[in-house]
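Just so we're aligned, residue 232 is where the sequence shown starts under the numbering used here, counting upward by one. Contents: one structure, followed by commentary.
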Amino acid sequence: MTGHNPLSGALSNGGLGGIPNLNGHLLSASDDHTICLWDINASPRENRVLDAKTVFTGHTAVVEDVAWHLLHESLFGSVADDQKLMIWDTRSNNTSRPSHTVDAHTAEVNCLSFNPYSEFILATGSADKTVALWDLRNLKLKLHSFESHKDEIFQVQWSPHNETILASSGTDRRLHVWDLSKIGEEQSTEDAEDGPPELLFIHGGHTAKISDFSWNPNEPWVICSVSEDNIMQVWQMAENIYNDEEPETPASELETPTN
């Protein structure tokens, strides 16, 4: 595949895993500040080299992540070290000007994720230690900033089972699970010391930077996370945490490894 110089650093596929994007279309992001759109099905069998179908050139720094919109096949988003979030439409003839550009964070933006239940909502994670919540209908205004991480955030992902649940992870070795429905709830002084009301749970089982994580598509509340100490953990928080019940179990048992 030829299109980037140097090698790309992030990929987003279309038409796989039930995602309703055009089958065979792949997005890649790169250190060369560009995003490439590939049509895997367009490559002749005898030709092993595939050229990019379209190159998007709006960013001015390393593009850290790119993601297809999950409900509109022509839309995708990108984030970069230029601190910007960009929304693109593949139907546009102008590949150097995105549909929307947002000064999203005060440091490099490392990741983004579109909500699978809402066509308007997405989240971004940044080196400024925050996760930002956005509405595509008014990107001039940040809906909310999730603040609890102690270091750079490298991954953010919505739950496939609940439209208000979001998780984030990064260099601080912690994976945070957030609940949008709890934003603004009143807290006791004691609870406030543990974090904002929307912070549902913190997984602290890793001893190095969390490289990536994924929600189990079949089992609600089950997460697999991997870290740079070569450890993979599959775990699930206790039911009383997300069911708003009074805890009947010791704190040490609030998280359950899965077999």
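Even glycine gets a Cβ: it sits at the ideal position worked out from N, Cα and C.
Length of the line joining the Cα atoms of residue i and residue j
| i | j | result |
| --- | --- | --- |
| D443 | Q386 | 6 Å |
| E424 | E459 | 29 Å |
| I352 | K373 | 11 Å |
| S496 | L316 | It is not possible to answer for residue 496, since the shown part of the chain is limited to 232 through 490. |
| N325 | K371 | 22 Å |
| A398 | N461 | 21 Å |
| H392 | N449 | 9 Å |
| L364 | T355 | 7 Å |
| A439 | I433 | 15 Å |
| A338 | V362 | 12 Å |
| N471 | I271 | 46 Å |
| G436 | V408 | 14 Å |
| V457 | R405 | 11 Å |
| A273 | G426 | 50 Å |
| V286 | N254 | 19 Å |
| D262 | D313 | 12 Å |
| L257 | K284 | 10 Å |
| H303 | N369 | 18 Å |
| K413 | D359 | 23 Å |
| L431 | T291 | 36 Å |
| I441 | S259 | 22 Å |
Residues of its chain near residue i, where Cβ-Cβ distance is below 6 Å and the 5 sequence neighbours each way are ignored
| i | result |
| --- | --- |
| E417 | none |
| E378 | T361 |
| S390 | I396, W446 |
| P336 | Rather than Pro, the amino acid found at residue 336 in this sequence is His. So the qualifying residues of the chain are Q314, S357, D359. |
| L247 | In this predicted model, L247 has a pLDDT of only 32, less than 50, meaning its place in the structure is not dependable enough to derive any value. |
Residue i, buried or exposed, once every other Cβ within 10 Å from all chains shown has been counted against 16
| i | result |
| --- | --- |
| I454 | buried |
| L268 | buried |
| V294 | buried |
| T420 | exposed |
| D334 | exposed |
| D422 | exposed |
| G415 | exposed |
| V297 | buried |
| V280 | exposed |
| G401 | buried |
| S323 | exposed |
| T265 | buried |
| S357 | buried |
| S376 | exposed |
| A482 | Because the pLDDT at A482 is just 46, under 50, the model does not fix this residue reliably, and the point stays unresolved. |
Chain-order list of residues whose beta-carbon lies under 7 Å from that of residue i (same chain, five-residue window excluded)
| i | result |
| --- | --- |
| D403 | H380, K381, D382 |
| W452 | Q467, M468, Y473 |
| R328 | G289 |
| D320 | S305, L306, S330 |
| M463 | C455, V457 |
Cβ neighbours of residue i in the same chain (closer than 8 Å, five flanking residues each side left out)
| i | result |
| --- | --- |
| L367 | I318, H331, E350, F351, I352, L353 |
Cβ distance (whole Å) where residue i is taken to contact residue j below 8 Å
| i | j | result |
| --- | --- | --- |
| M429 | D410 | Residue 429 is actually Glu in this sequence, not Met. The pair is a contact, with the Cβ atoms about 6 Å apart (cut-off 8 Å). |
| W446 | Q388 | 6 Å |
(message) With three or more beta-carbon pairs closer than 8 Å as the criterion, would you say the segment 334-353 touches the segment 303-318?
(response) yes
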